[in-house]
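Residue numbers (my numbering): 207 to 448. Ideal placement from N, C-alpha and C gives every residue a C-beta, glycine not left out. Below: the structure, in structure tokens.
What follows is the structure, given as structure tokens:
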């Protein structure tokens, strides 16, 4: 712990990975990274992680976000690296990637029709919890298992929207017990509220969009401090208030 002596080595390694990935794996025609040098698969997990990790630059990240969106089927976002699978777990990382790419509407759209319209509202579901995984055809068969009875219908790993909505739409990001960042990215949502409680206090935020103004409210525990970042789409920029 707190050993900074190897920082330079890891920094060099990261730079090497980034360079190699962009030289060897990026396919501009597909708008995605392939799985490896000899692969023809363009994975959901690897491409989502390329944005989260920073391997993809801002321009490439937008391309990846839109390319992932273009692959969505009737029942959600496919994970071709796992055959005919839709993985809510990996799709949770795709949600984060869309937000980080500056494409919140892609993330919100996926939440609406994959988690809300299918995983909650389909009559075969519990209507209150999320399934572990299923087939791209919408069949409640998870290709990773030979026995459909193994598939969990109340799977914690499938709750990606909880993180996405609180950390990105509501913008609540706690760095430690005294510091935070608030960076809401509501897309085309006209209103939202979110919050949670920690041992030292509560965090909450809300937004309301009217025809002539947008109101953002933020509540943080006493004794903490942080920065508020607000996008200014008209100028393709953002402002930070500390």
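Looking at the structure shown, is residue i part of a helix, part of a strand, or coil, going by DSSP?
| i | result |
| --- | --- |
| residue 388 | strand |
| residue 399 | strand |
| residue 247 | coil |
| residue 233 | strand |
| residue 261 | coil |
| residue 435 | strand |
| residue 314 | helix |
| residue 336 | coil |
| residue 252 | helix |
| residue 211 | coil |
Per DSSP, which residues does residue i bridge with? Please list them.
| i | result |
| --- | --- |
| residue 282 | 279 |
| residue 447 | 434 |
| residue 351 | Looking at the DSSP assignment, residue 351 forms no beta bridge with any residue, so it has no partner. |
| residue 238 | 233 |
| residue 341 | 291 |
Buried or exposed for residue i, going by 16 or more other Cβ atoms inside 10 Å?
| i | result |
| --- | --- |
| residue 229 | exposed |
| residue 223 | exposed |
| residue 397 | exposed |
| residue 447 | exposed |
| residue 392 | buried |
| residue 317 | buried |
| residue 188 | As shown, the chain starts at 207 and ends at 448. That puts residue 188 outside it, with no answer to give. |
| residue 203 | With the chain running from 207 to 448 in the structure shown, residue 203 is simply not present. |
| residue 239 | buried |
| residue 374 | buried |
| residue 350 | exposed |
| residue 279 | exposed |
| residue 406 | exposed |
### Message
Would you call the stretch 257–277 in contact with the stretch 296–315, where contact means no fewer than 3 C-beta pairs closer than 8 Å?
### Response
Output reads yes: the stretch 296–315 touches the stretch 257–277.
### Task
Quick one: which unbroken beta strand (DSSP E) runs of 3-plus residues sit fully inside the stretch 397–432? Chain order, please.
You should have 397–404, 407–415, 420–425.
### Query
Where in the stretch 356–385 do unbroken runs of the beta strand (DSSP E), each at least 3 residues long, occur, reported from the N-terminal end onward?
Positions of the beta strand (DSSP E) runs, each at least 3 residues long and wholly inside the stretch 356–385, are given as 378–380 in order along the chain.
### Query
Can at least three beta-carbon pairs, one atom from the stretch 249–260 and one from the stretch 310–320, be found at a separation below 8 Å?
In the pairwise beta carbon analysis, the stretch 249–260 is classified as not touching the stretch 310–320: fewer than three pairs are separated by under 8 Å.
### Task
Evaluate the contact criterion for the stretch 403–415 versus the stretch 375–388: three or more CB pairs, one atom per stretch, below 8 Å.
With the rule of 3 Cβ pairs closer than 8 Å, the stretch 403–415 counts as touching the stretch 375–388.
### Query
Any contact of the stretch 297–304 with the stretch 324–339, i.e. 3+ C-beta pairs under 8 Å?
Between the stretch 297–304 and the stretch 324–339 there are fewer than three inter-stretch CB-CB distances shorter than 8 Å, so the stretches are not counted as touching.
#### Entry: the stretch 370–387 contacting the stretch 421–432, beta-carbon criterion three pairs below 8 Å
Touching, yes.
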